[in-house]
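Peer 1: Each residue of the sequence shown is one higher than the one before, starting from 0 at the first, in numbering that gives the first Met the number 0. Idealized CB from N, CA, C, for every residue including glycine. Here the structure is a predicted model, which is why all the values come from computation and not from measurement.
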Amino acid sequence: MAQEIIEAPITGTVISVEVNVGDKVSEGDVLLYIESMKMENPILAPVDGTIAEINVAAEQVVETGVHMITIEY
């Protein structure tokens, strides 16, 4: 089974995580929101698959490139 690693595209604060481990997601589904420069930025699923791992939580500050979520497909 292949994996897609979702990394933080920007530095900011995770506002909310919209998925749980085991959830099935479709390409384009919102996985989480990051606030940066007072703007909420949705992070979308790039592929259809199942959430295998979540490495962030609400109110956590993330730097660009941090591994946030793993999707298996």
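Apply the 10 Å Cβ neighbour rule to residue 48 and answer buried if 16 or more other Cβ atoms are within range, or exposed otherwise.
Peer 2: It counts as buried.
Peer 1: Note down the Cα distance separating residue 55 from residue 0, rounded to an integer number of angstroms.
Peer 2: Each residue's alpha carbon lies about 23 angstroms from the other.
Peer 1: Would you check if the distance between the CB atom of residue 51 and the CB atom of residue 13 is smaller than 7 angstroms?
Peer 2: Going by C-beta atoms, residue 51 is not nearer than 7 angstroms to residue 13.
Peer 1: Nearest to residue 63 by alpha carbon, out of 34, 72, 19 and 20?
Peer 2: It is 34 whose Cα lies nearest to the Cα of residue 63.
Peer 1: Strictly by DSSP, which residues pair up with residue 52?
Peer 2: According to DSSP, which records beta bridges pairwise, residue 52 is partnered with 69.
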